[in-house]
Each structure stands twice: as structure tokens, then as C-alpha cells.
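Okay, so here's the structure we're looking at.
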Amino acid sequence: MVSASKAKREAKRAEKGKSKKKVEDVDEATATAETIEKLKLQQDKHGISDRVTTGVLASLATSRDVKVESVSLVFHGKVLIQDSTLELNFGRRYGLLGENGCGKSTFLRALAAREYPVPDLIDVYLLNEPAEPSEKSALEWVVGEAEAALARLERKVEEVLETEGPESPLLDDLHERIDEMDPSTFEVRASTILCGLGFNAKTIHKRTKDMSGGWKMRVALGKALFVKPTLLLLDDPTAHLDLEACVWLEEYLKRWDRTLVLVSHSQDFLNGVCTNMIDLRMQRIQMYGGNYDSYVKTRIELETNQMKQYQKQQDEIAHIKKFIASAGTYANLVRQAKSRQKILDKMEADGLIQAVVPDKVFSFRFPDVEKLPPPVLSFDDVTFSYSGNPEDNLYEHLNFGVDMDSRIALVGPNGVGKSTLLKIMTGALQPQSGRISRHTHLKIGVYSQHSADQLDLTKSALEFVRDKFSSISHDFQYWRQQLGRYGLTGEGQTALMGTLSEGQRSRVVFALLAIEGPNMIFLDEPTNGLDIPTIDSLGDAINAFSGGVVVVSHDFRLLDKVAKDIFVCENKTVTKWDAPILEYKKKLAAKVVL
């Protein structure tokens, strides 16, 4: 029998062991969180940027234009840009293009951090972080940031007066910026912008610490638009917006009179906003005039001419080589052959015309599935509220169905509950009344804008899918093929997912979705982070899928391509829109208040 004192000692030792284990678990969790944060910030373990850049400023130090020559960018040892020229002219709006993983976001981060030389006069703001959680409301936060920006401008005036005197050419621009800000109108202007981005009379006064990440990003976007930096960098600004807010932002940015560089994968948004395009291709920066459609037309013409010149040069080279080979030992022909060889050598020294490298055409398919007879998923007089109180009803008396041939787009004002409706369909949320019928063999797959948050960023995609589906296969080669089908290849499979672009991580999520083999797919903002060719491929995959699809998206082009039925969610019900989606966009544009 164990004595009471001994039992007490053993209990103490056990408790110490548990405490130690708890501390170790906390330390490990903290270390993992710090690792992920550094990966997101593109920093090494010492907090130093993982980016290596070069560039020579070619514009005047007092200019509002930016011209940087000999631009290069290396990230984690991978060359993203080399030997290029960047030219941003004040008042122009640039769309930054490039396939997923080519370095668009990394390039914007380097530009915002002034790792490339930028004239001191130019203030740069990159929108890639949400508003900080605080006791301030959305309106108070934006106004506070505007007041801080005004104070910075006033301090800059004092610095210029001290260092360069009252005749400095910098002062005119600074005084113009200060006059433009006009503190007496801060609240009204900030309210207009926030309402355009989807806030209402109630949510505009909500504390930022009580907001979701998407709403905090809207607040940060509101600040960027309000403060109006000389050079504004927007990385996929529509990612957290609904259709209505996207239309408002497009109309607002059309009138942007400073320099704008934006990454967007929405063709209609790029067409509506941009005056110029920057194509990040084959490790080079290539500049184009005009919007996205103009860029496509110009690029096709240039590449057609390039291929003609390439073929002509190749024919000439083949002709010269044939002559040299047939010259034999005849003295006069040998002399001619040597002369032709010199021509060939000079052509090679000057640089041969290169063949056009076609874009990687990424195509994927959702697996074919068993056909289920209708009704597959049906709503019969369904009513829902989060609180359970009738006065809080989000939806009332819904009656509709989703079958295997359905291609439904859910649209409607922000906060109306489109994502909530998807959750009711899956069974993640239960209605207060009414009946939802699901076929016994129905298997629903869900892609949401938060799906990528479930990925372990400290693992490679290859490790993650193998560990998650270890019951299917442990063979890395098998999982390489699965990921490759969704456009993630080579280094993208073995690099830590924290170093991948948002679009590359989205491809991992699509691969996971396909592996699960659903016969009905719900897509909640599936285009976030995807490049334009991949969005086209997604549209093709949806159209070819043998199961049912319901999609919520702010990408009008995708909806125009895939949606057979458009359901408008508003006023606590769901009604069918009997016109093309672009007519719905026109309706929203007519309501815009700037």
C-alpha cells in the first residue's frame, strides 16, 4: 500500500511534468506562429527581408514619376525579375499581370519597402494588411489614419524648409497635398468611401477588434483610398469584396488621379480601371499602353511579328549552314563558306531572335461523378436566423432546388447572407423552420475563401496532401501527379506553403477538393488569388463537371461563363434574375455614389 506522503510526492511530480509539457506545447505553438508570420512577411529567422533586389533610379529626385533601370528581384534563391526597366508615370493606372508564383506580390512588397530607389517626394502605400484590431470604429480608424497622414505631411514641410529652404520645388506638391486633405471634410468623405465598400449606418461604427479579417481589409482599403498616396499599390483589392462593392471600387478608381499599380485577376475590372499594363513574364517587366483588352491585342500582334522574324532568321541560318556544309574543298567556295560563317557568327553575337514561349495552359477537371436523380437538394418553406428570433430572420420561406445539372450563381448586397445560404445547404447551419431534403448519396464539396487558412504553411504541399490522405497512398510520386493536375508543379510542390503565392495555395485546395470526389460543389469566392488563365480553366472545369455547382463570386466574367441561373439574395428571400449577369452589373453601377 502506498503511503499518503508518497502519494502526495508522486502527485506533485506528475503535476510538474504536466506543467512542463503545457509550457513546451505553448512554446512550440508560439514558435510555429512566429515561423508562419515570418513566411508571410517574407523575412528570415532574423527578421531580415528574404528578397534581394537591384535597381538604379533614372528619374529626377524631385519627380512624381518613377523610372528604375536594371531592375532585378530574387526571392528564396529564385530569380523572379532580371535586367528590366520599370516606368510609372504620375496619374497613370497600371495593371500588374503574370501567372501565379511569378512574383507579383513579392515585387509590390519590395517596391513598398523602397528596396528599389524611389524619389523621396513620393509616398508609397501597399494594401496587404488589414486594419489593426482596436476599440476604434471603422470610421474613427480611417479618420485617425488620415489625421496621422496629414501630420506627416506637415512634418515633411518643416523638414524641407530646414534642409532646402523656402524655394524648394518639393514644397508646392506638399502644400497641394495638405490643402487637398481638408480636415473639415474628413468624416463625410470617409463615410462615403466606407459605405461604398459595403459598410452601413450601423457597421461603420463597429469596433475594428470585433470585425472579421475581410471587413478589416475593407477598412484598410478605405484608408488607402482616403489618404491618396502618390503611389498606391493594391494587391487583389477585390478579394474581400462582393459584387456591389467591386462595382463601386471600379467606378472610384476610374477617377484616380495619382499613380496606381494593382494586381487583379478580373478582366472586366482591369478593363474598367487601367490605362496601362505591366506584364511580368519570363523574368522580365514588359510595359504596355491601354487596358487589358488592348494589351491582349498588342501582345498578339507583337508575338505574331516576332514569330515571323524568328522563322525568317531560322530559314536564313539553315540556308547558310547548308551552303557551308556543301562547300567541299573548292577554293572559291571555301572562301565564300568562311564569309558565310562570319555572317552566322555575327548573328549569334548580336543575339538571335527567340521563338515566342506560349503561356502555360493550365487545365483541370473535377472527377466525373455518379448521376443522382432529382430532387438532389431541395428547400421547402425554409426560414433561418442566427438568433432564432423571428425579427432577426435572415431568410424566410425559401423554396428552390439544386440538381446535378444546376449552375447557380448567388448574388446580392453585402451582408445579406450568401455564404450563410451555402452553409444552410451543406447542413452546417440548421433552419428554424421548413424542410431541407438531401439525396442519400449526395456528397457536397466546399471551396471557401477561407479554405486556404486550413493549410499548414510550415509544410510543403506534397507533405501536406500525403499526410492528410495517408490512407489513399504514401507514394510521393502519386501525390506529385495529383497536385500537377491542378497546376502546382516542380518547386511549387516542395517549397513551404508559406512561401507560395495565394493562387498557388488555392490550387492545393482545389486538388484536395477533387480528391474528396464530391458530386455537388459549392464555391465561395473561388477566384481569389488565381491568375486569369486559371480562372478561365476553372470556368471550363465547372462547365464540364457532371455534378451540380453553386457559386458565389465577385468575378463577373466567370459568372457570365458558367451561370445558367442567377439567384439574387435580398429582402430575406431568393429571387431569380431573368437577364445576363452583365445587366445586373449595369444595375449596380447606376446606383454608385462617389
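Counting in UniProt numbering, the sequence shown runs without a single skipped number right up to 594 at its last residue.
Glycine residues also receive a C-beta, built at the ideal position from the N, C-alpha and C atoms.
For CYS569, there is no enclosing alpha helix (DSSP H); the enclosing beta strand (DSSP E) has its first and last residue at 565-570. Contact annotation: the stretch 100-115 does not touch the stretch 160-175, with fewer than three C-beta pairs closer than 8 Å. Counting along the chain, HIS175 sits inside the alpha helix (DSSP H) bounded by residues 170-181.
The residue among LEU333, ALA409, MET307 and GLU87 with its C-alpha nearest the C-alpha of LEU559 is ALA409. Annotated three-state conformation of ARG438 is strand, per DSSP. In the structure shown, the three-state DSSP call for LYS67 is strand. With respect to GLN354, TYR386 sits apart: the two C-beta atoms are not nearer than 9 Å.
When secondary structure is reduced to three states using DSSP, THR238 falls in the coil class, being assigned neither helix nor strand.
ILE535 sits away from ILE444, with the two beta carbons spaced by 9 Å or more. If you check the CB distance, GLN267 and TYR292 come in under 9 Å. Checking the DSSP bridge columns, you'll see ILE444 partnered with MET520. A check of alpha carbon separations from ARG340 across ASP350, VAL357, HIS319 and GLN477 identifies HIS319 as the nearest.
The secondary-structure analysis by DSSP pairs LYS576 across a beta bridge with PHE567. Shown here, SER378 sits in a strand according to DSSP, grouped into three states.
Taking the Cα of SER451 as reference, the smallest distance to any Cα among LYS468, SER506, MET404 and VAL227 is reached at SER506. Nearest C-alpha to ASP235 among LYS156, SER105 and PHE567: SER105. Excluding its 5 nearest sequence neighbours in each direction, GLN283 has C-beta neighbours in its own chain below 7 Å: VAL79, LEU80, ILE81 and GLN82, listed in chain order. Across the structure, LEU523 and GLU176 are spaced so that their CA atoms are roughly 46 Å apart.
If you draw a straight line from the Cα of GLY388 to the Cα of ASP210, it comes to about 22 Å. In the DSSP annotation of this structure, the continuous segment of the alpha helix (DSSP H) that includes VAL143 starts and ends at 138-164. Under the Cβ criterion (8 Å, minimum of three pairs), the stretch 463-475 does not count as touching the stretch 423-438.
Apart from the 5 residues on each side of it in sequence, LYS67 sits with its Cβ closer than 8 Å to the Cβ of LEU57, ALA58, SER59, THR85, LEU86, GLU87 and LEU88 in its chain, given in chain order. The beta carbon of ALA589 is closer than 7 Å to those of VAL247 and GLU251 in its chain, skipping five residues each way along the sequence. DSSP places ILE278 inside the beta strand (DSSP E), whose first and last residues are 276-281. For ASN100, the closest of MET404, VAL361 and PHE400 by C-alpha to C-alpha distance is VAL361. For VAL188, the enclosing alpha helix (DSSP H) begins and ends at 186-196. When the alpha-carbon of VAL188 is set against those of LYS206, SER168, PHE226 and GLU491, the nearest one is in PHE226.
Taking the Cα positions, PHE186 is about 14 Å away from CYS195.
In the structure shown, the three-state DSSP call for SER419 is helix. The alpha-carbon of LYS346 is positioned some 12 Å away from that of LYS338. In the structure shown, TYR292 adopts helical secondary structure according to DSSP, grouped into three states. The beta-carbon distance between ARG438 and ASP380, rounded to whole angstroms, is 12 Å. This is too long to meet the 8 Å contact definition.
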